[in-house]
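See structure below.
Number of protein chains: 2
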Amino acid sequence: MKNNALILCITLMLFPSVLNAQDLFVAPSQEGWERAEYTHRQADFPKINAKGEFWFRFQAPPTASEVVLNIPVAGVSMPMQKDADGFWNAILTIPKVGFQIYYIVVDGVRFLDPGTTPFYGNGYTGTVEVPSPDEDYYVIKDVPHGDVREHWFYSDVDKKFRRAFVYTPAGYDTEVNRRYPVLYLQHGAGEDESEWTHSGRAAVILDNLIAEGKAVPMIVVMNNDFVYRPGDDRSGRLYLAPTGIENFGEMFIGEAIPDIDAHYRTIADPAHRAMAGLSLGGMITNQVGLAHSSMFAYYGIFSGGTVSNPERIDKNTVRFIFETCGSQEYPERIAADVETLNGMGIKAASYVSPGTAHEWQTWRRSLHEFLPLIFK
Amino acid sequence: MKNNALILCITLMLFPSVLNAQDLFVAPSQEGWERAEYTHRQADFPKINAKGEFWFRFQAPPTASEVVLNIPVAGVSMPMQKDADGFWNAILTIPKVGFQIYYIVVDGVRFLDPGTTPFYGNGYTGTVEVPSPDEDYYVIKDVPHGDVREHWFYSDVDKKFRRAFVYTPAGYDTEVNRRYPVLYLQHGAGEDESEWTHSGRAAVILDNLIAEGKAVPMIVVMNNDFVYRPGDDRSGRLYLAPTGIENFGEMFIGEAIPDIDAHYRTIADPAHRAMAGLSLGGMITNQVGLAHSSMFAYYGIFSGGTVSNPERIDKNTVRFIFETCGSQEYPERIAADVETLNGMGIKAASYVSPGTAHEWQTWRRSLHEFLPLIFK
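Residue numbers (my numbering), protein chains in the order written: chain A, 1 to 376; chain B, 1 to 376.
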């Protein structure tokens, strides 16, 4: 062992260039490249070109020997190449469209690129938006825009002020005698209440559908899924346990909905109230929303499993249940569940997002399909 | 040289423990430590204890040899210590209060801690909130809360949709015939339009002052300082050049204000319109706002220099100019400027934030001092 090390040392002293044996990255011309949509004003990378290729650049510590770009949902794990200035680079076509998170792995340790708007995620990550040639329903257009409001209310369950985001449609401030139906929309386990409008572009989707007359003007309320009582252990996955769901239910049914009905011009009856969510938010829609099925007429469960205990459903109130997932998830399961529900006399339908998995493009599409079907 | 390297190699082979010569960090008991205010739900660090000490922990690549915690405004540059699990740690009392940004320097390269809510900054950074024993005007309380709305409008100057945040006070939705004065509030060069409500806690300060009857209910509009025409070079500091200020002025005066007057219940006259900003936002208040002094009755320049060309000021419209900075900035300059303005028959006053520099605590305090003085 010592001999081997000695030989290595001597080799390095005689031929130090072996340390730089890997090919240096040679940057293409900067022409045709511009900052990608989420790139920070003062950062130069990530960039995108007209072909839709992305160019990532990252500064690792000088001793780094292996730097990898990881775009998990798109299945990308690509070694980055060092350039003459010591930065690590990767240029690629990302094989999925829509909102993609990424991080950089330096010698096995995960880092966040400070150059892009972070995603809340399971710990913050970088983000890029991969243009979709066939979809423009989530692109901001010259239509009347609603506002997304940061709204605070006190919860006696977790003994703190909670933040919710509330979408009020265009016209809300001028048609002051008009009241609106309400959709409660929950995020997934790796997110917070901000991500339906950030990653999900819910407000843009609503503005566009309402402007086209495809969805009715509605209020959309986005609450945080997580409710911890003082003393609850926050280190584990409490929110997946019955206690976490119970905490949420008590806050949501007992506090959040009455607060919204008090502060916004809702039509505060079950026929004008809907609940939907993605992943954990879909589970919550099932476990909390459908447990109170005399309160909501419409339900959307996006990549959130299937309906449990359908016999509990109040058929006099519930008008429609919508189940969705990506084609790479479990389309057969939701198709079978919809058949079961319809067989019980509960109106239900499903939607399968083509070519997607458990990812934001599935949920943007799910919301876009769901909104025209409710409050009509 | 080769001989020295040979001696080093042999030494390392014989005594590999010299590589681990530094003392390992020994973690204190976790008791009494909890997640700090901005710590991510799924992250364990930074933590804070009852004494107000912070504990930072960061995972660097395994080859890292020097890891430093940098809290620039507080003057902290502290070597972190490796623990037995390979994480780098620092425990300290931060010598400044309020909102503090930080980053981690690994072998000379700056990294972002993925464990906290990022600050937009000059490239994203980590954040902590250091409690201030004497100040609670920016702590959320059980008072009526206004909403902060994300509002989009199209600009023909930079040919894109722009985002503004608009604070509407509690009661805005119920007192539907009431109209309100408007404060336009600009951020600094290292920020964006989100930071007055995030780092600055402007909405909390407004809610508290309005609830106490110290400030009148008002609308507050926070626009982004940066306006680039198609083809403008975005790589430099255009926003500090005359072109950048002109671009902003054209967007702000010609588009943003009319858009707000069209979409919100403003009192759309100069006596009920104010403009203020911090740092670059103060410069803009001076260079754009005071260049249109027949449009605004009140001005706030926070750490943004002094008034240029006071002879241009429309004394029939302008009722008050407020200049502030931290005691570690240039209090003499603003005191002299206020004297000059008063000597010209323009009502002006100054405020100096004790013990602070060019930092958020200066600007929170400046806003808190300014709001009671306007629209009265």
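Backbone N, C-alpha and C define an ideal beta-carbon position, used for all residues, glycine too.
Check: Nearest by alpha-carbon distance to Asn224(B): which of Ile346(B), Ile140(B), Glu369(B), Arg163(B) is it?; Outcome: Arg163(B)
Check: Return the chain-ordered list of same chain residues with a C-beta closer than 7 Å to the C-beta of Met275(B), the five sequence neighbours on each side being excluded.; Outcome: Tyr184, Thr285, Gly289, Phe296, Tyr299
Check: What three-state label does DSSP hand Asp147(A) in the structure shown?; Outcome: strand
Check: List the DSSP bridge partners of Ala27(B).; Outcome: Bridge partners of Ala27(B): none, in fact.
Check: Does DSSP put Phe381(A) in a helix, in a strand, or in coil?; Outcome: Given a span of 1 to 376 for chain A in the structure shown, any question on residue 381(A) remains unanswerable.
Check: Across which residues does DSSP place Thr117(B) in a beta bridge pair?; Outcome: Answer is none; Thr117(B) lacks a bridge partner.
Check: Is it buried or exposed for Lys47(A), if we count other Cβ within 10 angstroms and need 16 for buried?; Outcome: buried
Check: Under 8 Å between beta-carbons, which chain A residues line up against Thr63(B)? List them in chain order, please.; Outcome: Pro61, Thr63, Ala64, Ser65, Asp107
Check: What residue range does the beta strand (DSSP E) around Ile71(B) cover?; Outcome: 67-71
Check: Please return the same chain residues whose Cβ sits closer than 8 Å to the Cβ of Arg312(B), not counting the five positions on each side in sequence.; Outcome: Leu290, Ala291, Ser293
Check: What three-state label does DSSP hand Pro131(A) in the structure shown?; Outcome: coil
Check: For Gly281(B), name the three-state secondary structure that DSSP assigns.; Outcome: helix
Check: Interface residues of chain B around Val176(A) at Cβ under 8 Å?; Outcome: Val176
Check: Contact between the stretch 123-143 of chain B and the stretch 27-39 of chain B is defined here as three or more beta-carbon pairs at a separation below 8 Å; is this criterion met?; Outcome: yes
Check: Please confirm whether Val143(A) and Ala211(A) have their CB atoms less than 8 Å apart.; Outcome: yes
Check: Closest to Ala189(A) by CA distance: which of Thr117(A), Tyr102(A), Ser353(A), Leu280(A) is it?; Outcome: Leu280(A)
Check: Would you mind stating whether Tyr264(B) and Thr168(B) have Cβ atoms separated by less than 8 Å?; Outcome: yes
Check: Of the residues Leu373(A), Arg365(A), Ile374(A), which one's Cα is nearest the Cα of Asp134(A)?; Outcome: Arg365(A)
Check: Taking 8 Å as the cut-off, decide whether the C-beta atoms of Ser353(B) and Glu323(B) are in contact.; Outcome: no
Check: Does the stretch 84-92 of chain A touch the stretch 48-56 of chain A, meaning 3 or more C-beta pairs lie closer than 8 Å?; Outcome: yes
Check: Between which two residues does the beta strand (DSSP E) holding Thr324(A) run?; Outcome: 320-326
Check: In the DSSP output, which residue or residues are listed as bridge partners for Trp152(B)?; Outcome: Arg163(B)
Check: Under a CB-based cut-off of 8 Å, is Glu193(A) close to chain B?; Outcome: no
Check: Helix, strand or coil for Val139(B)? Go by DSSP, reduced to three states.; Outcome: coil
Check: Residues in its own chain within less than 7 Å of Glu250(A) by CB, not counting five upstream and five downstream?; Outcome: Val157
Check: Cβ atoms of Ile101(A) and Gly121(A): under 8 Å apart, would you say?; Outcome: yes
Check: Would you say Ala21(B) lies against chain A (beta-carbon separation less than 8 Å)?; Outcome: Low per-residue confidence applies at Ala21(B): pLDDT is 45, beneath 50, and the placement is therefore not dependable, though the value from the model is reported in the following sentence. Not an interface residue.
Check: Entirely within the stretch 159-236 of chain B and at least 4 residues each: give me those alpha helix (DSSP H) ranges in chain order.; Outcome: 202-211
Check: Return no unless some Cβ of chain A is closer than 8 Å to the Cβ of Asp232(B).; Outcome: no
Check: Give the straight-line distance between the Cα atoms of Asn49(A) and Asp85(A), rounded to the nearest whole angstrom.; Outcome: 22 Å
Check: Please list the residues of the stretch 132-145 of chain B that have a C-beta atom closer than 8 Å to any C-beta atom in chain A, keeping them in chain order.; Outcome: Ile140, Asp142, His145
Check: Would you mind sorting Asp192(A) into buried or exposed? The rule is 16 or more other CB atoms within 10 Å of its CB.; Outcome: buried
Check: With a Cβ-Cβ cutoff of 8 Å, do Tyr180(A) and Ile267(A) count as a contact?; Outcome: yes
Check: With the cut-off set at 8 Å, would you say Val97(B) and Gln287(B) are in Cβ contact?; Outcome: no
Check: Do you know how far the Cα of Gly213(A) is from the Cα of Asp259(B)?; Outcome: 24 Å
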